[in-house]
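Visitor: Taken in order, these protein sequences are the chains called A and B. Residue 65 in the numbering used here sits at position 65 of the first sequence; the count goes up by one each step and never skips. Residue 105 in the numbering used here sits at position 105 of the second sequence; the count goes up by one each step and never skips. C-beta: ideal position from N, C-alpha, C; glycine also. Quick caveat, the model's predicted, so the values are computed rather than measured. Got a structure for you, questions after.
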Amino acid sequence: MKTVTLTVNNRPHTLTPSPERTLLDVLREDLGLTGAKRGCDAGECGACTVLLNGKPVNSCLVLAVELSGAAVVTIEGLGGPDGLDRLQQSFIDNFALQCGYCTPGMILMGKALLMQNPHPTEAEVKEFISGNLCRCTGYENIVKAIMAVAGGGEGNG
Amino acid sequence: MFAYHEPQSLAEVTSLLTAYGESARILAGGTDLLVQMRKGRQQPHHLLNIKTVSGLEQIAATEDSVEIGAAVTLGEGERFLAAYPEYGVLRQAMHSVASVQIRHRATLAGNLCNASPAADTVPALVVLGAKIKIHGARGDRLVPVERFITGPGRTVLLTGEVVSAVVLPRPESGSRGVYLRKARRPSLDLATASAAVFAAGGAWRIALGAVAPTVVRVREAERLLAREGLSAATAAEAARLARAEAKPITDVRGTAEYRRELVAALVEQALLALGEEGARP
Chain A
1 MKTVTLTVNN
11 RPHTLTPSPE
21 RTLLDVLRED
31 LGLTGAKRGC
41 DAGECGACTV
51 LLNGKPVNSC
61 LVLAVELSGA
71 AVVTIEGLGG
81 PDGLDRLQQS
91 FIDNFALQCG
101 YCTPGMILMG
111 KALLMQNPHP
121 TEAEVKEFIS
131 GNLCRCTGYE
141 NIVKAIMAVA
151 GGGEGNG
Chain B
1 MFAYHEPQSL
11 AEVTSLLTAY
21 GESARILAGG
31 TDLLVQMRKG
41 RQQPHHLLNI
51 KTVSGLEQIA
61 ATEDSVEIGA
71 AVTLGEGERF
81 LAAYPEYGVL
91 RQAMHSVASV
101 QIRHRATLAG
111 NLCNASPAAD
121 TVPALVVLGA
131 KIKIHGARGD
141 RLVPVERFIT
151 GPGRTVLLTG
161 EVVSAVVLPR
171 PESGSRGVYL
181 RKARRPSLDL
191 ATASAAVFAA
201 GGAWRIALGA
211 VAPTVVRVRE
221 AERLLAREGL
231 SAATAAEAAR
241 LARAEAKPIT
251 DVRGTAEYRR
261 ELVAALVEQA
271 LLALGEEGAR
281 P
């Protein structure tokens, strides 16, 4: 079996996953990082979104054996000793979660968008997160929370 | 359960494909393959990860062509093509696929090889006159994209062959295209119908997606536009010809009747959008 060395939230890991196991399986079952959620298991809901080499992907559609040298960031990798990431705090301030199942994916999509485009329009936010489903249908506050950090000002309704 | 391989060269891919035959599948982005495996529709015993083949992750632009390697993701392709407005039709089609997350994994070559009648990139590649570069035991061959897909899920690939790149010819300057699609929701859903139109120096190409087993050209409309130019009247007539050319099915995404109306409207809108861009040849 192939041995894979990667970093998850800046910590190095060496794994020997069987080929059919996904990044999501490894995060949740081997590394105890249960922030990424298993929703549809088909790349349609975005609940398993993580950042892979800085880009958001569905971790249910990435085989763990493919990840030699990869840098993965999960929701557990945001924030630090000083507290929450600004976007995490904004989700709280804007009541941008109900059941919370989609929240890790939504926040990581917001981070990914703001990294490549610090001042997105509301339409750009909506398009960017369109691969993430919120079954509570709380989209309005999710968009507000991201816009508030984007410095749009429209987010504080 | 399957064995996982990391070939380092196209020759190695071909020898593995030849050795394992139907029990092997190419793994590029995996966004279709892994889902199909999970649903039991495909049960390969060997997965060959072509992302480890050196060179396939590259895009090479020369005077004659832009060659997009088989491991290039839709997201990378989109970003690269931003500097080439003449390929806007393909960029729009790439951006239409699924979601941001999927586009960071899924490849252009994979969208072709999956051979879905609703694949967004195929009508755009058809109007651009793209060719598919195929590597096999006897060397490379180039196949026009229109002949590459032979039916739903079927391509001309023979045992041992692998797509190495998608080759876009360089159209003359001022060429412009538009891709429009309609789905039940803008993201993630497959197109109910789609249309790509392209104008290059007085010549026109129109291709329809998701309204037949493979992408359909509307040649009569192409000749009409070449003869009479683009106007509201010729756009409406092209739409009528597209409706007649479509041979759609009824499924969960729409009825055959609806698809015919939809594809006609998409063709007309795409042509009028091109006209507004001032791209009339």
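Run the CB neighbour count on ALA11(B), radius 10 Å, all protein chains shown included, and call it buried at 16 or more, exposed below.
Guide: exposed
Visitor: Considering just the uninterrupted stretch of the alpha helix (DSSP H) at SER54(B), what are its terminal residues?
Guide: Here SER54(B) belongs to no alpha helix (DSSP H), and DSSP marks it neither H nor E.
Visitor: Quick one: is ASP120(B) buried, meaning 16 or more other Cβ sit within 10 Å of its Cβ, or exposed?
Guide: buried
Visitor: Check whether the Cβ atoms of LEU52(A) and LEU63(A) lie closer than 9 Å to each other.
Guide: no
Visitor: Would you kindly work out how many angstroms separate the C-alpha atoms of ILE146(A) and ARG91(B), rounded to a whole number?
Guide: 27 Å
Visitor: Along the chain, where does the beta strand (DSSP E) containing LEU51(A) start, and where does it finish?
Guide: 49-52
Visitor: Which residues, in chain order, does the segment 120-135 of chain A contribute to contact with chain B at a C-beta distance below 7 Å?
Guide: PHE128, SER130, GLY131
Visitor: Assess, as a yes-or-no matter, whether the segment 88-103 of chain B is touched by the segment 35-46 of chain A under the definition of 3 or more beta carbon pairs within less than 8 Å.
Guide: yes
Visitor: Going by alpha carbons, who is nearest to SER65(B) out of ARG79(B), ILE132(B), ALA109(B), ALA118(B)?
Guide: Looking at the Cα atoms, ILE132(B) is the closest of the given residues.
Visitor: Of all the options GLU20(A), TYR101(A), THR14(A), which has the alpha carbon lying nearest to the alpha carbon of PHE2(B)?
Guide: GLU20(A)
Visitor: For THR31(B), name the three-state secondary structure that DSSP assigns.
Guide: coil
Visitor: Please list, in chain order, all residues of the same chain as ASN114(B) whose beta carbon is under 7 Å from its beta carbon, the five residues on each side excluded.
Guide: ASP32
Visitor: Could you tell me whether the Cβ of ASN58(A) comes closer than 9 Å to any Cβ of chain B?
Guide: yes
Visitor: Select from the segment 77-103 of chain B all residues with a C-beta closer than 8 Å to any C-beta belonging to chain A, and list them in chain order.
Guide: ALA98, SER99, VAL100, GLN101, ILE102
Visitor: Using CA coordinates, which residue listed in ILE129(A), THR49(A), LYS126(A) is at the minimum distance from PRO104(A)?
Guide: THR49(A)
Visitor: Please check if any C-beta of chain A sits within less than 9 Å of the C-beta of PHE2(B).
Guide: By the rule that beta-carbons nearer than 9 Å mark a contact, PHE2(B) touches chain A.
Visitor: Alpha carbon to alpha carbon, how far is VAL178(B) from LEU271(B)? Give it in angstroms, no decimals.
Guide: 8 Å
Visitor: Short of 6 Å in beta carbon distance, which residues of its chain neighbour ALA183(B), apart from the five on each side in sequence? Order them along the chain.
Guide: By the criterion of a C-beta distance shorter than 6 Å, ALA183(B) is surrounded in its chain by ASP189, ALA191, THR192, once the five residues flanking it on both sides are discounted.
Visitor: Which same chain residues end up closer than 8 Å to ILE59(B) when comparing Cβ atoms and leaving out the 5 residues on each side of it in sequence?
Guide: VAL66, GLU67, ILE68, GLY69, VAL72, GLU76, GLY77, PHE80
Visitor: Roughly how far, in whole angstroms, is the beta-carbon of LEU208(B) from the beta-carbon of ALA246(B), given that I think they are within contact range, below 8 Å?
Guide: 6 Å
Visitor: Which two residues bound the contiguous alpha helix (DSSP H) that contains ILE142(A)?
Guide: 139-149
Visitor: Would you kindly check if the distance between the Cβ of LEU33(A) and the Cβ of LEU34(B) is under 9 Å?
Guide: no
Visitor: What would DSSP say about TYR84(B), mapped onto helix, strand or coil?
Guide: coil
Visitor: Going along chain B in order, which residues have a C-beta closer than 8 Å to the C-beta of THR49(A)?
Guide: GLN101
Visitor: Is the segment 125-132 of chain A in contact with the segment 84-96 of chain A, if contact means three or more CB pairs nearer than 8 Å?
Guide: no
Visitor: Since ARG217(B) and VAL126(B) should fall inside the 8 Å C-beta cutoff, what is the C-beta to C-beta distance between them, to a whole number of angstroms?
Guide: 7 Å
Visitor: Quick check on the DSSP output: the beta strand (DSSP E) that includes GLY69(B) runs from which residue to which?
Guide: 65-69
Visitor: Starting from LEU262(B), follow the alpha helix (DSSP H) in both directions and report where the run begins and ends.
Guide: 256-276
Visitor: What whole-angstrom Cβ distance do VAL163(B) and ALA109(B) have, given they're in contact under 8 Å?
Guide: Rounded, the Cβ-Cβ distance is 5 Å, consistent with contact.
Visitor: 9 Å is my cut-off, CB to CB: does LEU190(B) come that close to chain A?
Guide: no
Visitor: So GLY136(B) and GLY160(B) are supposed to be a Cβ contact under 8 Å. How far apart are they, rounded?
Guide: 5 Å
Visitor: For CYS99(A), which of ALA47(A), ALA71(A), ARG28(A), LEU87(A) has the nearest alpha-carbon?
Guide: Of the candidates ALA47(A), ALA71(A), ARG28(A), LEU87(A), ALA47(A) places its Cα closest to the Cα of CYS99(A).
Visitor: Output, in chain order, the set of chain B residues within a Cβ distance shorter than 9 Å of ASP41(A).
Guide: For ASP41(A), the C-beta contacts it makes with chain B under 9 Å involve VAL35, ARG38, in order along the chain.
Visitor: Please go through the same chain and pick out, in chain order, the residues whose beta-carbon is closer than 6 Å to the beta-carbon of TYR4(B), but skip the five residues on each side of it.
Guide: LEU47
Visitor: Just to confirm the assignment, what range does the alpha helix (DSSP H) spanning ARG141(B) have?
Guide: The continuous stretches of alpha helix (DSSP H) do not include ARG141(B), which lies in the beta strand (DSSP E) extending over residues 139-144.
Visitor: Please decide whether SER90(A) counts as near chain B, where near means a Cβ-Cβ distance under 9 Å.
Guide: Not an interface residue.
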